[in-house]
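In the numbering used here, the protein residues as written are 30 to 350.
Glycine included, every Cβ here is placed at the ideal spot set by N, Cα and C.
I have placed the structure first, in the form of structure tokens, so that the comments after it can refer back to it.
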Amino acid sequence: METGYWFVAGLVLLFAGGELVVRGAVGAAERLKVSRLLIGLVVVACATSSPELVLSLKAVAESAPEIAIGNVVGSNIANILLVLGFGALLMPVSVSRLMIARDGAVLIAATAFLLYVGWHYEEITPEAGILLIGALSVYLVLAYIRESAAPTRTGPAQIPEAVDDRPFALPLSLGMLALGVAGLLIGADLLVDSSIAIAEALGVPEAVIAISMIAVGTSLPELATILIAAMRKHSDIAVGAILGSNIFNILAVLGITALVEPVLVDRDFYVLDFWVMGGTSLALVLLMMAVPRIGRVAGLVMLLAYAAYMWALYNGVFFTV
């Protein structure tokens with residue numbers, strides 16, 4: 030029971046720390062006269078991926094690569110099936126050709142690269158990490174050029190509604206940033222240690238805890254963004270935020286983690302999890318190409334698919350190859 034409390038405490042600290050990092054980073058960037066375009070493209074995107082990054086770094090340091098991979102895979106699946114599904118159920122979500130051509134294509138390419146590297150090398154090497162970071166840099170540069178030429182509300186340059194407020198004073202912003210980083214570090218430490226203990230107690234792989242409970246926890250910022258966007262009738266922001274988050278999870282989180290230490294990829298991920306991540310990513314892009322809006326029926330199907338995936342995961346249907 031005590032382990033469960035530490036797990037919840039870790040999730041709360043990770044969520045609160047990530048929120049403080051986002052608000053502190055945005056506030057500091059605006060006070061330092063950084064353009065809002067650059068803030069939307071880089072500062073917010075990097076800050077919102079900070080919980081996954083810190084957690085993955087902690088996991089590989091604790092010799093628990095399954096948690097590092099499972100966190101990214103589970104977060105990407107939850108963002109599409111759970112977060113976007115719930116958002117579409119509340120209000121149909123608009124999509125744009127720009128998101129399909131740029132963000133959708135990058136997400137599919139990044140996912141395919143991860144599947145290829147993991148299968149052929151059974152680890153994400155520092156060399157692969159350099160390629161991932163390089164791809165992220167190219168993506169950001171091209172996005173910045175395109176947004177500068179024709180700004181749009183649907184691209185990653187849009188600062189999420191949840192943090193689009195009057196900036197704090199610089200000392201306060203820096204203080205929030207420092208507190209946020211501290212919260213992330215402590216939360217990640219609690220989460221990794223308690224996840225290992227819970228997995229041992231339940232007799233399930235550590236990856237299962239990472240893919241389910243941890244992934245849902247680290248997807249809470251995206252859920253908050255989509256709920257606020259829905260309430261303010263800005264559903265176009267929702268898909269862009271989710272695509273951007275999933276892209277950063279692969280390119281930035283795994284890329285940076287691999288630079289610190291190679292991330293081992295267990296073949297068990299290829300029994301179900303990697304294919305669900307790849308399949309949901311591809312299905313989302315195809316759906317965006319087929320319809321101008323993701324409606325309530327599609328949202329319900331996404332939620333049911335996520336429930337089925339969780340059922341298979343916890344019933345041990347796909348634990349071993």
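Could you tell me which of 287, 125, 309, 236 sits nearest to residue 220, measuring between CA atoms?
The residue with the shortest Cα to Cα distance from residue 220 is 236.
Tell me which residues share the same chain as residue 335 and place their Cβ nearer than 6 Å to its Cβ, disregarding the 5 neighbours each side in the sequence.
Result list for residue 335: 110, 111, in chain order.
What's the call for residue 159, buried or exposed, on a 16-neighbour Cβ count within 10 Å?
Answer is exposed; the Cβ neighbour count stays below 16.
Considering only the beta carbon of each residue, do residue 140 and residue 306 sit closer than 8 Å?
The answer is yes: Cβ separation under 8 Å.
For the ligand ATP, any of its heavy atoms closer than 7 Å to the Cβ of residue 279?
Questions concerning the ligand ATP fall outside what the structure shown contains, since it holds no ligand whatsoever.
Nearest-angstrom Cα distance between residue 62 and residue 204?
Rounded to the nearest angstrom, the two C-alpha atoms are 18 Å apart.
Among 45, 32, 85, which has the Cα closest to the Cα of residue 239?
It is 85 whose Cα lies nearest to the Cα of residue 239.
Identify whether residue 79 lies in helix, strand or coil by the three-state DSSP scheme.
In the structure shown, residue 79 sits in a helix (DSSP, three-state: H, G or I).
Is residue 276 closer than 8 Å to residue 135 when the C-beta atoms are compared?
Against a cut-off of 8 Å, the Cβ pair of residue 276 and residue 135 comes out as a contact.
According to the neighbour-count rule (16 or more other Cβ atoms, all chains shown, within 10 Å of its Cβ), is residue 174 buried or exposed?
Exposed, because fewer than 16 other Cβ atoms sit within 10 Å of the Cβ of residue 174.
Inspect the CB distances between the segment 91-101 and the segment 226-235 and report whether three or more fall short of 8 Å.
These segments touch.
Ordered along the chain, which non-local residues of its own chain (more than five positions away) have a Cβ less than 7 Å from that of residue 324?
Cβ neighbours of residue 324 beyond the five flanking positions: 117, 121.
Are there 16 or more other CB atoms within 10 angstroms of the CB of residue 163, so buried, or fewer, so exposed?
Residue 163 comes out exposed.
Could you tell me the boundaries of the alpha helix (DSSP H) in which residue 100 lies?
Here the alpha helix (DSSP H) through residue 100 covers 94-106.
Using the Cα positions of residue 155 and residue 290, report the straight-line distance between them to the nearest angstrom.
Approximately 7 Å, taken between the alpha carbons.
On a Cα-Cα basis, can you pick out the residue from 100, 105, 45, 33 that is closest to residue 268?
Residue 105 is the option with its Cα nearest to residue 268.
For residue 329 and residue 314, I'd like the C-alpha separation in whole angstroms.
Cα-Cα distance, rounded: 17 Å.
With which residues is residue 122 paired in a DSSP beta bridge?
Note: residue 122 sits in a beta bridge opposite 323.
For residue 208, collect the residues of the same chain with a Cβ closer than 6 Å to its Cβ; drop the 5 residues on either side in sequence, then sort them by chain order.
The answer, listed in chain order, is 49.
Which residues in the same chain have their Cβ closer than 8 Å to the Cβ of residue 36, if we skip the five residues on either side of it in sequence?
Closer than 8 Å at the Cβ level, and outside the excluded window around residue 36, lie 219, 220, 223, 224, 227, 242.
Among the residues of its own chain, which have a CB less than 6 Å from the CB of residue 124, if the five just before and after it don't count?
Correct list, in chain order: 268, 317.
Consult DSSP for residue 235 and reduce its assignment to one of helix, strand or coil.
Reduced to three states, the DSSP call for residue 235 is helix.
By the three-class DSSP mapping on this structure, what secondary structure does residue 290 have?
Note: residue 290 maps to coil in three-state DSSP.
Leaving out five residues on either side along the sequence, give the residues of the same chain with a beta carbon under 7 Å from the beta carbon of residue 152.
291, 292, 293, 294.
For residue 153, write down the residues that DSSP places opposite it in a beta bridge.
Paired residues: 292.
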